[in-house]
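Protein chains in written order, with the numbering used here: chain A, 15 to 46; chain B, -13 to 298.
Here a beta-carbon is modelled for each residue, glycine too, at the ideal position from N, C-alpha and C.
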């Protein structure tokens, strides 16, 4: 199963995770 | 005559060695090219067609039936323990670590976690909605989302027609204009794909504070969504059965999509009792979708439990 998020965010939005990284519920995905 | 004989002898002696050396070099070069191009190796249309002919929905529903069969208490530790060891389930985080508590494999699969084992980052505007692995992320450029490096799919194919904009009385001449409307000058669209492995916690939470306006359920296929298939099959997320919630968050457009797969084909949303996934589609168009406008007030708070993936 997979979850896909598609969202609008300011140009300065930066992901704090990388492809292949394991993550847990509640962990930060990105910052503006 | 002697020269001809000598030359023929030389050829007979060394030609097989030369052929072997040439073959070995070709084999090595071919192997290196395969390794280099592995990420770009995707299914052809013919291979996709053959894959889609497999009775995956039947397999999924049979698996779902089997997973929901009652398991006698005496064999639960053996069966669920085997599953936990195979897929590296962290039982220490489960609300009920005693394997005898779960009556079925499906119940074990959707086990809840103990309070406090997951911390919601209070400062982050966007958090992970699930335990899993990041498959891909990035910006969505020119109405395209990158599935894997070099393979894109269209946002309009993934989300379907943007009828929710009409629902919310906003401008909607066509899909492109609608997408432009969703993205103003200082913002762009981003995407993030999270894969949940069989041993992961299979409930999902709200990734942000967002107001869902619209739900769409695509009754698509039930291909596997393992990273290997996601790399191989172009447009996988536009083909599979999926449930998407479209709404708004503080920066504009926001969508959350739960994509089903062969083993985990059912999506359950706790606030949405009408949603029925992984049903027999019969002779209906497998790409059809069903829409539901959501009443205002069903606001998802960051970290709220939204639903779960069920086996089969």
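So, at 8 Å on beta carbons, what are the nonlocal neighbours of residue 267 of chain B in its own chain, with the 5 sequence-adjacent residues on each side left out?
Result list for residue 267 of chain B: 43 and 205, in chain order.
Helix, strand or coil: how does DSSP classify residue 256 of chain B here?
DSSP places residue 256 of chain B in coil when its eight states are reduced to three.
Can you find the residues in the same chain that come closer than 6 Å, C-beta to C-beta, to residue 233 of chain B, ignoring five residues on each side of it along the sequence?
196, 197, 198, 199 and 240, listed in sequence order.
Any Cβ of chain A within less than 9 Å of the Cβ of residue 178 of chain B?
True, the Cβ-Cβ gap to chain A drops below 9 Å.
Mind pulling the chain A residues with CB within less than 9 Å of residue 175 of chain B?
Chain A residues near residue 175 of chain B: 20, 21, 22 and 23.
If contacts are defined as beta-carbon pairs under 8 Å, then residue 211 of chain B and residue 226 of chain B qualify, I think. What distance do you get, rounded to the angstrom?
Yes, residue 211 of chain B and residue 226 of chain B are in contact; Cβ-Cβ is about 7 Å, under 8 Å.
What do you get for residue 34 of chain A, buried or exposed, if any count of 16 or more other CB atoms within 10 angstroms of its CB means buried?
Exposed, because fewer than 16 other Cβ atoms sit within 10 Å of the Cβ of residue 34 of chain A.
Under three-state DSSP, which class holds residue 129 of chain B?
Correct three-state label for residue 129 of chain B: coil.
Buried or exposed, going by whether 16 or more other CB atoms sit within 10 Å of the CB of residue 84 of chain B?
Result: exposed.
Within 10 angstroms of the Cβ of residue 150 of chain B, are there 16 or more other Cβ atoms? Answer buried if so, exposed if not.
It counts as buried.
How many angstroms separate the CA atom of residue 113 of chain B from the CA atom of residue 6 of chain B?
Roughly 57 Å separates the two Cα atoms.
Could you spell out the range, first to last residue, of the beta strand (DSSP E) harbouring residue 138 of chain B?
Element bounds for residue 138 of chain B: 137 to 140.
I want to see whether chain A comes within less than 9 Å of residue 277 of chain B, judged by CB atoms only; does it?
So no, residue 277 of chain B is outside the interface.
Taking 9 Å as the cut-off, decide whether the C-beta atoms of residue 39 of chain A and residue 95 of chain B are in contact.
Taking 9 Å as the Cβ cut-off, residue 39 of chain A and residue 95 of chain B do not qualify as a contacting pair.
What is the DSSP secondary structure of residue 159 of chain B, counted as helix, strand or coil?
Legend: pLDDT at residue 159 of chain B = 48, less than 50; position of this residue unreliable, value from coordinates given subsequently. Three-state result, residue 159 of chain B: coil.
Take residue 182 of chain B as the anchor and find which of B/27, B/284, B/115 and B/275 has the nearest alpha-carbon.
Comparing Cα positions, the closest option is B/115.
Output yes if chain A places a C-beta closer than 9 Å to the C-beta of residue 143 of chain B; else output no.
Output row for residue 143 of chain B: interface = no.
Quick check: is the beta carbon of residue 54 of chain B nearer than 9 Å to any beta carbon in chain A?
Judged by the 9 Å Cβ criterion, residue 54 of chain B is not in contact with chain A.
Have a look at residue 130 of chain B and residue 101 of chain B and give me their C-alpha separation to the nearest angstrom.
So the alpha carbons of these two residues sit roughly 39 Å apart.
Quick one: what does DSSP say residue 145 of chain B is sitting in, helix, strand or coil?
Note: residue 145 of chain B maps to helix in three-state DSSP.
List the residues of chain A that residue 151 of chain B touches, going by C-beta distances under 8 Å, in chain order.
None at all; the shortest Cβ gap to chain A is about 13 Å.
Identify whether residue 35 of chain A lies in helix, strand or coil by the three-state DSSP scheme.
In the structure shown, residue 35 of chain A sits in coil (DSSP, three-state: anything other than H, G, I, E or B).
So is residue 200 of chain B in contact with chain A if we call contact Cβ pairs under 9 Å?
Not closer than 9 Å to any Cβ of chain A, the Cβ of residue 200 of chain B fails to qualify, so no.
Expressed to the nearest angstrom, what Euclidean distance is found between the alpha-carbon atoms of residue 248 of chain B and residue 207 of chain B?
So the two alpha carbons sit approximately 9 Å from each other.
Counting only the same chain and skipping the five closest in sequence on each side, list residues whose C-beta sits under 6 Å from that of residue 119 of chain B.
Correct list, in chain order: 181.
Return yes when the Cβ of residue 192 of chain B is within less than 9 Å of the Cβ of residue 286 of chain B, no when it is not.
Contact: yes.
Would you say residue 300 of chain B reaches chain A, if we count a Cβ-Cβ gap shorter than 9 Å as a contact?
Not covered by the structure: residue 300 of chain B. The range shown for chain B is -13 to 298.
Go ahead and label residue 264 of chain B buried or exposed: buried means 16 or more other beta carbons lie within 10 angstroms of its beta carbon, across all protein chains shown.
That one is buried.
Given 8 Å as the limit, is there contact between the stretch 38 to 56 of chain B and the stretch 64 to 75 of chain B, that is, 3 or more CB pairs closer than that?
No: fewer than three Cβ pairs fall under 8 Å.
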